[in-house]
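For the sequence shown, our numbering puts the final residue at 192, and the numbers step up evenly by one. The C-beta atom is built at its ideal place from N, Cα and C for all residues, glycine as well. As C-alpha coordinates, the structure follows; a few thoughts come after it.
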Amino acid sequence: MPVIVTRAGWLGAFMAAAVLAGCGQRVDDPSQQLPHVVRGMAIQDLQLRLSTQSRVVAELLDVSDGLEDAPVISRQELSPAGQSPLPLELRYRPSEIDAGVQLAVRVTVEDRDEVFFITPEPLPRVDRQQASEIVEVRLEATEAAHAFLEAIPDESPEDALPDIPEFESEVPDELMETPPDELDLSPSP
4 MPVIVTRAGW
14 LGAFMAAAVL
24 AGCGQRVDDP
34 SQQLPHVVRG
44 MAIQDLQLRL
54 STQSRVVAEL
64 LDVSDGLEDA
74 PVISRQELSP
84 AGQSPLPLEL
94 RYRPSEIDAG
104 VQLAVRVTVE
114 DRDEVFFITP
124 EPLPRVDRQQ
134 ASEIVEVRLE
144 ATEAAHAFLE
154 AIPDESPEDA
164 LPDIPEFESE
174 VPDELMETPP
184 DELDLSPSP
(Lines of atoms letter the chains of each structure in order from A and count residues from 1; the text may use other names and numbers.)
(Lines give C-alpha, C1' and ligand atoms only; values in the text may rest on other atoms or scores of the structure.)
Protein backbone atom coordinates (compact mmCIF):
# COMPACT_ATOMS: atom_id res chain seq x y z
CA MET A 1 0.00 0.00 0.00
CA PRO A 2 1.53 3.37 -0.97
CA VAL A 3 2.19 6.04 1.67
CA ILE A 4 0.77 9.43 0.77
CA VAL A 5 2.55 12.43 2.27
CA THR A 6 0.99 15.88 2.03
CA ARG A 7 2.84 19.22 2.16
CA ALA A 8 1.98 19.57 5.83
CA GLY A 9 3.45 16.12 6.39
CA TRP A 10 6.69 17.07 4.65
CA LEU A 11 6.94 20.24 6.67
CA GLY A 12 6.33 18.36 9.94
CA ALA A 13 8.86 15.67 9.02
CA PHE A 14 11.45 18.31 8.08
CA MET A 15 10.95 20.20 11.38
CA ALA A 16 11.22 16.98 13.41
CA ALA A 17 14.43 16.01 11.58
CA ALA A 18 15.93 19.46 12.20
CA VAL A 19 15.13 19.32 15.91
CA LEU A 20 16.51 15.79 16.30
CA ALA A 21 19.67 16.69 14.40
CA GLY A 22 20.38 19.53 16.83
CA CYS A 23 19.79 17.46 19.99
CA GLY A 24 23.16 15.74 19.99
CA GLN A 25 25.23 18.82 19.25
CA ARG A 26 27.24 20.58 21.91
CA VAL A 27 26.85 24.32 22.23
CA ASP A 28 30.28 25.93 22.42
CA ASP A 29 29.09 29.50 22.04
CA PRO A 30 29.13 30.98 25.59
CA SER A 31 26.21 33.26 24.78
CA GLN A 32 24.09 30.15 24.07
CA GLN A 33 24.88 28.36 27.34
CA LEU A 34 22.57 28.68 30.32
CA PRO A 35 23.96 30.79 33.15
CA HIS A 36 24.80 29.33 36.52
CA VAL A 37 22.96 30.87 39.45
CA VAL A 38 24.06 31.54 43.01
CA ARG A 39 20.98 32.09 45.16
CA GLY A 40 20.60 32.60 48.83
CA MET A 41 20.11 35.10 51.57
CA ALA A 42 22.11 37.57 53.57
CA ILE A 43 21.32 37.72 57.28
CA GLN A 44 22.19 40.73 59.43
CA ASP A 45 23.61 40.14 62.92
CA LEU A 46 21.84 43.28 64.18
CA GLN A 47 18.22 44.15 63.50
CA LEU A 48 18.09 47.70 62.23
CA ARG A 49 15.28 49.34 60.31
CA LEU A 50 16.80 50.60 57.07
CA SER A 51 15.57 53.67 55.20
CA THR A 52 14.11 53.81 51.70
CA GLN A 53 17.50 55.12 50.53
CA SER A 54 19.26 51.90 51.55
CA ARG A 55 20.69 49.42 49.08
CA VAL A 56 22.17 45.95 49.03
CA VAL A 57 25.12 45.20 46.78
CA ALA A 58 25.92 41.51 46.25
CA GLU A 59 28.98 40.54 44.21
CA LEU A 60 30.42 37.29 42.95
CA LEU A 61 34.19 37.79 43.00
CA ASP A 62 37.21 36.04 41.50
CA VAL A 63 39.35 35.73 44.64
CA SER A 64 42.06 33.55 43.06
CA ASP A 65 44.64 36.32 43.60
CA GLY A 66 43.19 37.56 46.89
CA LEU A 67 40.34 39.79 47.92
CA GLU A 68 42.02 43.13 47.27
CA ASP A 69 41.09 44.35 43.76
CA ALA A 70 39.25 41.08 43.07
CA PRO A 71 37.47 41.16 39.69
CA VAL A 72 33.67 41.20 39.88
CA ILE A 73 32.10 38.30 37.93
CA SER A 74 28.48 39.17 38.70
CA ARG A 75 26.73 41.94 40.61
CA GLN A 76 23.23 42.44 42.02
CA GLU A 77 21.89 45.66 43.50
CA LEU A 78 18.61 46.00 45.40
CA SER A 79 17.14 49.31 46.50
CA PRO A 80 15.61 49.82 48.97
CA ALA A 81 17.32 47.03 50.84
CA GLY A 82 14.33 45.79 52.82
CA GLN A 83 14.64 43.79 56.00
CA SER A 84 16.79 40.77 56.85
CA PRO A 85 17.01 38.15 55.42
CA LEU A 86 17.91 39.83 52.14
CA PRO A 87 17.48 37.81 48.92
CA LEU A 88 20.48 37.16 46.65
CA GLU A 89 20.64 36.02 43.03
CA LEU A 90 23.89 36.21 41.07
CA ARG A 91 24.08 34.84 37.51
CA TYR A 92 27.24 34.02 35.57
CA ARG A 93 28.46 31.92 32.65
CA PRO A 94 31.13 29.42 33.74
CA SER A 95 32.48 29.21 30.19
CA GLU A 96 33.57 32.85 30.49
CA ILE A 97 35.67 32.10 33.59
CA ASP A 98 39.01 30.28 33.73
CA ALA A 99 38.84 26.74 35.11
CA GLY A 100 41.05 27.38 38.17
CA VAL A 101 39.16 30.42 39.40
CA GLN A 102 38.08 30.61 43.05
CA LEU A 103 34.72 32.33 43.48
CA ALA A 104 33.34 34.01 46.61
CA VAL A 105 30.29 36.11 47.52
CA ARG A 106 30.55 39.53 49.15
CA VAL A 107 27.53 41.55 50.31
CA THR A 108 27.37 45.11 51.64
CA VAL A 109 24.37 47.06 52.88
CA GLU A 110 24.57 50.83 52.59
CA ASP A 111 22.22 53.40 54.10
CA ARG A 112 22.42 57.16 54.56
CA ASP A 113 25.72 57.25 52.63
CA GLU A 114 27.32 54.82 55.11
CA VAL A 115 28.17 51.12 54.94
CA PHE A 116 26.05 49.56 57.70
CA PHE A 117 26.70 45.83 57.11
CA ILE A 118 29.52 43.85 55.48
CA THR A 119 30.41 40.23 54.87
CA PRO A 120 33.20 39.30 57.28
CA GLU A 121 36.16 37.29 56.01
CA PRO A 122 36.48 34.52 55.01
CA LEU A 123 33.88 35.11 52.33
CA PRO A 124 31.48 32.26 51.45
CA ARG A 125 32.96 30.24 48.55
CA VAL A 126 31.09 29.09 45.44
CA ASP A 127 31.80 25.96 43.38
CA ARG A 128 32.21 27.03 39.75
CA GLN A 129 31.02 23.62 38.53
CA GLN A 130 27.60 23.79 40.24
CA ALA A 131 24.81 24.98 37.93
CA SER A 132 22.82 26.22 40.90
CA GLU A 133 24.14 26.86 44.37
CA ILE A 134 22.54 28.16 47.54
CA VAL A 135 24.56 30.30 49.94
CA GLU A 136 23.84 31.92 53.27
CA VAL A 137 25.85 35.07 53.88
CA ARG A 138 26.23 36.39 57.41
CA LEU A 139 26.41 40.18 57.59
CA GLU A 140 28.25 41.97 60.36
CA ALA A 141 27.20 45.45 61.55
CA THR A 142 29.81 48.17 61.08
CA GLU A 143 30.69 50.95 63.51
CA ALA A 144 28.40 53.26 61.48
CA ALA A 145 25.42 50.95 62.14
CA HIS A 146 26.18 50.79 65.87
CA ALA A 147 26.59 54.59 66.05
CA PHE A 148 23.28 55.07 64.23
CA LEU A 149 21.53 52.66 66.58
CA GLU A 150 22.94 54.41 69.67
CA ALA A 151 21.70 57.78 68.37
CA ILE A 152 18.08 56.55 68.34
CA PRO A 153 16.31 57.61 71.55
CA ASP A 154 15.40 54.70 73.78
CA GLU A 155 11.68 54.82 74.48
CA SER A 156 10.39 52.51 77.14
CA PRO A 157 6.62 51.79 77.16
CA GLU A 158 6.12 54.14 80.14
CA ASP A 159 7.80 56.99 78.26
CA ALA A 160 5.70 56.36 75.17
CA LEU A 161 2.36 56.96 76.97
CA PRO A 162 1.00 60.51 77.05
CA ASP A 163 0.58 62.25 80.38
CA ILE A 164 -2.93 61.60 81.69
CA PRO A 165 -4.30 64.02 84.28
CA GLU A 166 -5.47 62.63 87.59
CA PHE A 167 -9.16 61.78 87.54
CA GLU A 168 -11.20 63.50 90.22
CA SER A 169 -14.52 61.92 91.00
CA GLU A 170 -17.67 63.92 91.66
CA VAL A 171 -19.28 60.88 93.23
CA PRO A 172 -19.65 61.15 97.00
CA ASP A 173 -17.36 58.86 98.96
CA GLU A 174 -20.29 57.03 100.65
CA LEU A 175 -21.53 55.89 97.19
CA MET A 176 -18.07 54.74 96.21
CA GLU A 177 -17.95 52.51 99.28
CA THR A 178 -21.47 51.05 98.83
CA PRO A 179 -21.58 47.58 97.26
CA PRO A 180 -23.17 47.67 93.76
CA ASP A 181 -26.15 45.49 94.72
CA GLU A 182 -27.13 47.96 97.49
CA LEU A 183 -27.09 51.07 95.29
CA ASP A 184 -30.37 52.84 94.55
CA LEU A 185 -30.21 53.44 90.82
CA SER A 186 -33.78 54.75 90.42
CA PRO A 187 -34.14 58.15 88.74
CA SER A 188 -34.42 61.05 91.13
CA PRO A 189 -37.51 63.34 90.90
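Cα-Cα separation between residue i and residue j, rounded to whole angstroms
i           : j           : result
residue 70  : residue 64  : 8 Å
residue 81  : residue 116 : 15 Å
residue 79  : residue 93  : 6 Å
residue 127 : residue 156 : 36 Å
residue 139 : residue 110 : 11 Å
residue 123 : residue 73  : 16 Å
Where residue i falls, given that 16 or more other Cβ within 10 Å makes a residue buried
i           : result
residue 75  : exposed
residue 39  : buried
residue 134 : exposed
residue 54  : exposed
residue 43  : buried
residue 62  : buried
Neighbourhood of residue i by C-beta distance below 6 Å, restricted to the same chain and skipping five residues each side
i           : result
residue 112 : 59, 84, 119, 120
residue 57  : 83, 84, 114
Cβ neighbours of residue i in the same chain (closer than 7 Å, five flanking residues each side left out)
i           : result
residue 136 : 41, 129, 130
residue 145 : 118, 119, 120, 121
residue 97  : 39, 131
residue 148 : 49, 51, 119, 120
* Given 8 Å as the limit, is there contact between the segment 47-56 and the segment 80-88, that is, 3 or more CB pairs closer than that? -> yes
* Ignoring anything shorter than 3 residues or poking outside the segment 78-138, list the beta strand (DSSP E) runs there in chain order. => 89-95, 106-114, 117-121
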